[in-house]
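Worksheet: one structure, shown below.
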Amino acid sequence: MSDATVQQLGPGLWVIDHHFLGVPGVIASYLLAGDDGLTLIETGATSTLETLLAGIRAAGFTPDQITQIAVTHIHLDHAGASGVLLRQIPHAQLLVHPNGAQHMIDPSRLLASAARLYGDDMDRLWGEVIPVPADRVRVLQDGETFRAGGRELTALDTPGHANHHFAYYDAANGDVFTGDVGGVRLDRAPYVRPPTVPPEFDPAAWRASIARLRALRPRRLLPTHFGAYDDPDWHLDDLLYRLGEWVGWAEARLTDGADQEAALAELRERGDAEIMALDGGADLLKPYEIATAYAVSLAGLARYVRKRREAQAQSQA
């Protein structure tokens with residue numbers, strides 16, 4: 001993985017590496033520059049905000065040139081720094097999914113949910129999270145097109161990972177900024193992992209979102225974790241395959257009363273074995289664990305299995 005903070009991916013487009021937890025190639029922001037100013041896709045966490053700002057400057061700009069910030073969804077590794085960054089750039093707007101807007105304006109429920117997963121690690125991982133003023137929030141709708149750094153982007157409702165998730169499609173260039181619905185793929189490895197986080201993980205909706213992305217026939221996918229990939233069909237195939245494998249494992253393994261510690265060890269062993277089968281896999285273990293922590297993935301899988309069984313029981317009652 002490169003140690004560089006910023007890399008140009010094409011005319012008016014840069015990827016900025018947050019070096020999250022000191023590890024390169026895990027969390028990205030994308031910077032788009034045009035005659036309408038700068039658009040930032042993803043803020044990352046406040047814990048890495050200074051790295052983001054340094055990356056903007058290294059690309060040849062200043063943060064106050066940003067006119068809008070578009071987040072794919074509101075999870076803290078994607079949107080956690082929004083309030084703090086907008087406080088520093090008082091003229092910029094936040095563009096967000098309808099289901100996520102209120103949680104940016106009042107992040108109390110978002111933070112409570114995250115605290116259940118991360119506990120005492122909240123501050124170390126994410127840093128300060130503050131509300132975004134309501135008048136700074138622009139709610140986008142599915143299919144809405146907006147000007148962004150010299151490009152026209154279309155917001156695509158793409159649930160599955162979260163029900164407040166957009167992918168942003170640049171039809172003219174064939175680029176799709178996939179957030180997490182395009183999976184996690186690090187250091188150009190031939191391996192795409194689904195981040196199956198709670199509380200809204202929904203594999204059926206995710207498969208439909210993958211089909212929607214595929215139907216665009218994109219030239220390139222740009223996931224937040226991490227970088228640009230010009231093999232979209234293979235990438236989506238691998239994501240779809242692994243989504244099915246992990247859900248199948250969860251449905252078979254996570255029975256009522258299952259030992260969660262044993263299940264976590266089994267999921268870790270399974271995932272690590274997949275990575276170790278890759279060339280250079282040993283160097284990828286830590287970055288993939290940071291991007292898709294097994295404990296969080298297991299929590300999402302377990303919640304999905306439990307809710308599915310509850311729904312089946314109710315339908316049979």
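Sequential numbering from 1 applies to the sequence shown in full-length UniProt numbering. All C-beta atoms in this analysis are idealised placements derived from N, C-alpha and C, irrespective of residue type, glycine included. Small disclaimer: the values here were computed from a predicted structure and weren't measured.
- Taking the C-beta atoms as reference points, L13 is found nearer than 8 Å to Y30.
- Spanning the alpha carbons of V247 and A208 requires a straight line of approximately 15 Å.
- Counting along the chain, Y288 sits inside no beta strand (DSSP E); it lies in the alpha helix (DSSP H) bounded by residues L285 to A291.
- Distances from the alpha-carbon of A189 to those of A204, A282 and P98 put A282 closest.
- Here A211 is exposed, its C-beta having fewer than 16 other C-beta atoms within 10 Å.
- At a cut-off of 3 residues, the continuous stretches assigned as beta strand (DSSP E) that sit fully inside the segment 98 to 143 are 137 to 139.
- In the structure shown, the three-state DSSP call for R220 is strand.
- With a threshold of 16 other beta carbon atoms within 10 Å, E42 meets it and is buried.
- For R87, the enclosing alpha helix (DSSP H) has its first and last residue at S82 to Q88.
- When secondary structure is reduced to three states using DSSP, I275 falls in the helix class.
- DSSP places I56 inside the alpha helix (DSSP H), whose first and last residues are L49 to A58.
- Proximity of the segment 156 to 172 to the segment 124 to 135 falls short of the contact definition, fewer than three beta-carbon pairs being nearer than 8 Å.
- Secondary structure at V71: coil, using DSSP grouped into helix, strand and coil.
- Classified as exposed, G280 has fewer than 16 neighbouring CB atoms from the shown chains inside 10 Å of its CB.
- Distance check between P232 and each of R217, F226, T46 and T224 places R217 closest, using alpha-carbon atoms only.
- According to the DSSP assignment, Y191 belongs to no alpha helix (DSSP H), since it is labelled neither H nor E.
- Straight-line measurement puts the Cα of A28 at about 27 Å from the Cα of E245.
- According to the DSSP assignment, A250 belongs to the alpha helix (DSSP H) that extends over P232 to R253.
- Residues of the same chain with a CB within less than 6 Å of the CB of T178, apart from the 5 flanking positions on each side, are A167, L221 and P223 in chain order.
- When D64, L9, G25 and V71 are compared, the shortest CA-CA separation from H225 is found for G25.
- Taking a cut-off of 8 Å for Cβ pairs, the segment 169 to 183 and the segment 269 to 280 do not touch, as fewer than three such pairs fall below it.
- Shown here for L236: same chain residues with a beta carbon closer than 6 Å to its own, the five before and five after excluded, namely I210 and R214 in chain order.
- Excluding the 5 residues flanking it on each side, W206 has same chain C-beta neighbours closer than 8 Å at P159, G160, H161, V181, P194 and L243, in chain order.
- Residue environment: G22 is assigned as exposed (fewer than 16 neighbouring CB atoms within 10 Å of its CB, all protein chains considered).
- Rounded to whole angstroms, the Cβ separation of R268 and Y294 is 5 Å, and the two are in contact under 8 Å.
- Assignment of L213 by DSSP, reduced to helix, strand and coil, places it in the helix class.
- No Cβ-Cβ contact shorter than 8 Å links L9 with A148.
- Contact annotation: G37 and T67 have beta-carbon atoms nearer than 8 Å.
- Under the three-state reduction of DSSP, T178 is assigned to strand.
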